[in-house]
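Everything on this sheet refers to the single structure shown next.
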Amino acid sequence: MKLIFVTGGVVSSLGKGIVTASLAALLRSRGVNLKIRKLDPYLNVDPGTMSPYQHGEVFVTDDGSETDLDLGHYERFTDINCSKNDSISSGKIYSSVIDKERKGLYLGSTVQVIPHITDEIKSSVKLNVKDNEVVICEIGGTVGDIESLPFLEAIRQFKNEKPEDTLLIHLTLLPYLESSGELKTKPTQHSVKELLNSGIQPDVIVCRSSKKISDNELAKISLFCNVSKQSVIPSYDVPSIYKVPSLLSKSKLDEIVIKKLKIKTPKKLDLKIWKNFELLESIAKEELQILIIGKYIDLKDSYKSLYEAIYHAGVHNKVVVKINWIDSETINSKTAKILLKNANGILIPGGFGGRGIKGKIEAIKFARENNIPFLGICLGMQLAIIEYCRNVLKMKNVGSSEFGKFKTNVVSLMTEWKNKKLLVKRNEKADLGGSMRLGSYPCFISKNTLAYKIYKTNKINERHRHRYEVNPKIKSTIEKKGMKFSGISKDKNLLEIVENTNHPWFLAVQFHPELKSKPFKPHPIFLSFIKSSHNKSNEQKN
Ligand code: GLN
2 MKLIFVTGGV
12 VSSLGKGIVT
22 ASLAALLRSR
32 GVNLKIRKLD
42 PYLNVDPGTM
52 SPYQHGEVFV
62 TDDGSETDLD
72 LGHYERFTDI
82 NCSKNDSISS
92 GKIYSSVIDK
102 ERKGLYLGST
112 VQVIPHITDE
122 IKSSVKLNVK
132 DNEVVICEIG
142 GTVGDIESLP
152 FLEAIRQFKN
162 EKPEDTLLIH
172 LTLLPYLESS
182 GELKTKPTQH
192 SVKELLNSGI
202 QPDVIVCRSS
212 KKISDNELAK
222 ISLFCNVSKQ
232 SVIPSYDVPS
242 IYKVPSLLSK
252 SKLDEIVIKK
262 LKIKTPKKLD
272 LKIWKNFELL
282 ESIAKEELQI
292 LIIGKYIDLK
302 DSYKSLYEAI
312 YHAGVHNKVV
322 VKINWIDSET
332 INSKTAKILL
342 KNANGILIPG
352 GFGGRGIKGK
362 IEAIKFAREN
372 NIPFLGICLG
382 MQLAIIEYCR
392 NVLKMKNVGS
402 SEFGKFKTNV
412 VSLMTEWKNK
422 KLLVKRNEKA
432 DLGGSMRLGS
442 YPCFISKNTL
452 AYKIYKTNKI
462 NERHRHRYEV
472 NPKIKSTIEK
482 KGMKFSGISK
492 DKNLLEIVEN
502 TNHPWFLAVQ
512 FHPELKSKPF
522 KPHPIFLSFI
532 KSSHNKSNEQ
542 KN
């Protein structure tokens, strides 16, 4: 087993996740068996309970764990599916140690950070790793944070036990000073000093920079930070994250890692998929505008995978997709015409809670009535159903038990639809904790539908993260006037895909297709959505 740790210094948001994912992609292309793990210093057991404002998107894996958004990058860059074992937070470590302590498993010893917490970190890092596997672990946060100390201590121990099998990559920033026209290496030196305080010497330093790093500067970092010059790797700013694997390979990051750890590589480096994607990126010229109607409009990271999925689909359709976020609270029946009129496609993403619901429903109505391609995801599908019931079927007082009291809840908790009638009552005491449908579920697609045209198969697996479901008792009522449930669970109780057969492209899904899109394997739903939005834009131009 070979272990690679990636830490970050100087400032946060340097793109440690992308560097980690890119290195993994380069090793993977050489046929190396890999696991990629994220070690996060925060005390939440998992990011599931954290606000997207603070922590960005919660990425859901096939096995249904709610993990850090960096795992999304790992999957997108490598096509390796992550699991619950690949997201390790201090909270998870501490809760497991305290659990063992309560069970008396420490046999009377005083439970301490060293060795108990560090041992737990070490076993989590090694969990289920096979002999010939390489594990790349990204450490969240920035070196110097109090919270990351136990992780650094665990790395020190690994290095002490197996120096030849453990490698530490430290990512830093070389700030450029406009006034003196220089790149500064001092913050990097300080950051390495900080690591040395914890007893670790980095083996490789990756330097993020907006300007070309001169030979002199590389030599200076090598001298002051005690690493060989070829182990100081430049990582320049690039317009697309998908250029980073080839960039880092040009800087020979993969070669140095392979050499230092003596990793066996069954295949030669193959950058074909990245070169192809870069080529497509350079071809895309024509612009089209997708409007996303949402709540967390200020922070792009809250919908990381969604952005990436749209980007992949845009590049493969050879168009530049401009994403415009519209705050759903600004939309009403009057403003909709003005705010949404230039949309080539409208998307309502996943979301929680009742804020801004009215505006989202108004936007769906606008898309439906004006034949604008519409994609609803999770909450977006639930609202598409509600919109249809209210405005087409003219049902009175219908909604979702998530955000209010309605006579008819067409969307509700599964526990609520045990009730025989469609008119389920809101269950105020329903448990919200641990009640989500999480992870991958199969879905069966009917032939002669848009969904079938998109997937070209009758069975798919997609990932979920929601509590509420469309009530299956509404199915026949809704299907009378042209809405069709084209994707459904095996037992026919869970309605997973709905489409409007009276509309050129109107599809809504209960799952999150964005979680499975890759740059070299764009998700078929997004491909098709962008394609029809492109057609719409051509139509609008003529
Ligand atoms: N809030 C809705 C639910 O819990 C939708 C969740 C989502 O969009 N991810 O069912």
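Everything in the sequence shown is counted per the numbering used here, starting at 2 for the first residue and increasing by one. Cβ coordinates follow ideal geometry from the N, Cα and C atoms, glycine included.
Is the closest heavy atom of the ligand GLN to the C-beta of residue i under 7 Å?
i    : result
Y469 : yes
G357 : no
F353 : yes
Q383 : yes
C379 : yes
E515 : no
E403 : yes
Quick check: is any heavy atom of the ligand FMN less than 7 Å from the C-beta of residue i?
i    : result
R464 : Looking for the ligand FMN in the displayed structure turns up nothing; the ligands present are the ligand GLN.
In the DSSP assignment, find the beta strand (DSSP E) that holds residue i and state where it starts and stops.
i    : result
H317 : Not the beta strand (DSSP E): H317 falls in the alpha helix (DSSP H), residues K305 to H317.
N501 : L496 to N501
K537 : Careful: K537 lies outside any beta strand (DSSP E), inside the alpha helix (DSSP H) at P525 to K542.
E287 : E287 to G295
G400 : V399 to S401
I328 : Reading off the sequence, residue 328 comes out as Asp, not Ile. Here the beta strand (DSSP E) through D328 covers V320 to D328.
S236 : V233 to Y237
C208 : V205 to S210
E139 : V135 to I140
I446 : R438 to I446
K39  : L35 to D41
I489 : M484 to I489
T189 : Unbroken run through T189 is the alpha helix (DSSP H), K187 to N198; no beta strand (DSSP E).
G346 : G346 to I349
So for residue i, helix, strand or coil by DSSP?
i    : result
W506 : coil
N371 : coil
V114 : helix
E256 : helix
E76  : helix
A431 : Model confidence at A431 stands at a pLDDT of 45, short of 50, so the residue's coordinates are unreliable; what they give is reported in the following sentence. Coil at A431, not helix or strand.
E282 : helix
G360 : helix
L60  : Going by the sequence as given, residue 60 is Phe instead of Leu. It is a strand residue.
K422 : Because K422 carries a pLDDT of 48, less than 50, the predicted location of this residue cannot be relied on, and the following value inherits that uncertainty. Residue state, collapsed to three classes: coil.
E470 : strand
L172 : strand
R464 : strand
E417 : helix
Y456 : helix
K522 : strand
To the nearest angstrom, report how far apart residue i and residue j are at their CA atoms.
i    : j    : result
V112 : L174 : 38 Å
K448 : V135 : 43 Å
I291 : F527 : 12 Å
E256 : P42  : 30 Å
N198 : L169 : 15 Å
A220 : L249 : 19 Å
I531 : V144 : 41 Å
S121 : A155 : Residue identity differs from the one stated: residue 121 is Glu in this sequence, not Ser. Between E121 and A155, the C-alpha separation is close to 9 Å.
D166 : I373 : 56 Å
T189 : D216 : 16 Å
F160 : G200 : Per the sequence shown, residue 160 should be read as Lys rather than Phe. Going by the C-alpha atoms only, they are around 10 Å apart.
K397 : A385 : 16 Å
E490 : Y304 : Note on residue identity: the sequence assigns Ser, not Glu, to residue 490. Looking at the two C-alpha atoms, the distance is approximately 26 Å.
K485 : F507 : 11 Å
G9   : I19  : 12 Å
L439 : L516 : 12 Å
L272 : L28  : 11 Å
I81  : L394 : 45 Å
I347 : L376 : 7 Å
For the alpha helix (DSSP H) holding residue i, just list the boundary residues, first then last.
i    : result
E102 : S91 to R103
M382 : L380 to N392
T119 : T119 to K127
F225 : D216 to C226
If residue i sits next to residue j, beta carbons under 8 Å apart, how far is it from one beta carbon to the other, in whole angstroms?
i    : j    : result
N501 : R391 : Actually they do not touch by this definition, with Cβ atoms about 15 Å apart.
V228 : I206 : 6 Å
A26  : F78  : 4 Å
L24  : L254 : 6 Å
D69  : P53  : Their Cβ separation, rounded to whole angstroms, is 12 Å, which puts D69 and P53 out of contact at 8 Å.
V316 : H535 : Not really, about 12 Å apart at Cβ, beyond 8 Å.
I349 : I365 : 7 Å
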